[in-house]
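Note that the numbering used here gives residue 202 to position 134 of the sequence shown, counting from 1, and the numbers run on in steps of one. Each residue gets a CB set at the ideal place from its N, CA and C atoms; glycine is no exception.
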Amino acid sequence: MIYDNIKNAHIYFPLGEKIVKALKYLQTTDFSTVAPGTYDIEGTDVYAIISEYNTKPLSSGKWESHKKYIDVQFLHTGKEKIGFSESKKMMLLEEYDSIKDVAIYKGEGHFVNVDENHFLMLFPTDVHMPGIAINIPKAVKKVVVKVSTDYIEIAEEEKVTKEETPPQVEDSSTQVSQ
69 MIYDNIKNAH IYFPLGEKIV KALKYLQTTD FSTVAPGTYD IEGTDVYAII
119 SEYNTKPLSS GKWESHKKYI DVQFLHTGKE KIGFSESKKM MLLEEYDSIK
169 DVAIYKGEGH FVNVDENHFL MLFPTDVHMP GIAINIPKAV KKVVVKVSTD
219 YIEIAEEEKV TKEETPPQVE DSSTQVSQ
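Encoded structure:
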């Protein structure tokens, strides 16, 4: 999970060309003139979903994760709280739905207050709970850019299966006879 101001987007350009396209779209688009809807950036590899809604109480939130897409969630107007946690620390409630690209979880996580012009980049291992009210429900305009994970390799947690042995050290105490 990455949280930052969109002004710092260039820091994340090394993450790949599709991330660059997503972040540049967020930097250069005047969202005050764009209606809610889905917008093509690069076909199904990179696209934006623009929404206007009222944030909701924590009790109404759902923990979710995605496998096919990285979420770059950007607050154009308003503020909201977004929860995040590692998937391995959560209990799966609803199996992954490959059509909707979502799995639903139960558990606890950490929360960050997302301000206007800030974004969260959420990877497949990041379970998140978006759209939560900071104190009371308020209107927000949010852009979620979906970036396909097809171009990256999501590594499974590796387990060490063999004992590591310390390197052999040459014995320097061997004396040479004269």
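A116: member of the beta strand (DSSP E) spanning 114–122, first to last residue.
For V170 and E162, the gap between their C-alpha atoms comes out near 9 angstroms.
For the pair of segments examined, the region 207–222 was found to touch the region 120–134: the number of CB pairs separated by less than 8 angstroms reaches three.
For E154, the pairing in a beta bridge is given by DSSP as D194.
The continuous alpha helix (DSSP H) containing V88 extends over residues 85–96. Our two residues, G177 and F152, have alpha carbons roughly 5 angstroms apart in a direct line. Restricting attention to F81, K75, W131, D139, the CA atom closest to the CA of A116 is found in D139. Under the three-state reduction of DSSP output, I70 falls in the strand class. In the DSSP assignment, D108 falls within the beta strand (DSSP E) that extends over 105–110. Segment contact: the region 127–141 against the region 190–197, three or more CB-CB distances shorter than 8 angstroms; contact assigned.
In its chain, beyond the 5 residues on either side, I70, V140 have a beta carbon closer than 6 angstroms to the beta carbon of M189. 8 angstroms or more divides the Cβ of V114 from the Cβ of V182. The Cβ-Cβ distance between Y164 and K135 falls below 8 angstroms. Distance from the Cα of E110 is smallest, within the candidate group K86, I202, S100, for K86. Within the region 123–188, the complete beta strand (DSSP E) runs of at least 3 residues fall at 131–133, 137–145, 148–154, 159–165, 170–174, 178–182. With a cutoff of 8 angstroms on beta-carbon distance, L91 and A77 are scored as near each other.
Per the coordinates, the alpha-carbon of Y93 lies some 24 angstroms from the alpha-carbon of T193. Burial state of F81 is exposed, judged by a 10 Å Cβ sphere holding fewer than 16 other Cβ atoms. Separation of M158 and K75 (C-alpha to C-alpha, rounded to the nearest whole angstrom) is 33 angstroms.
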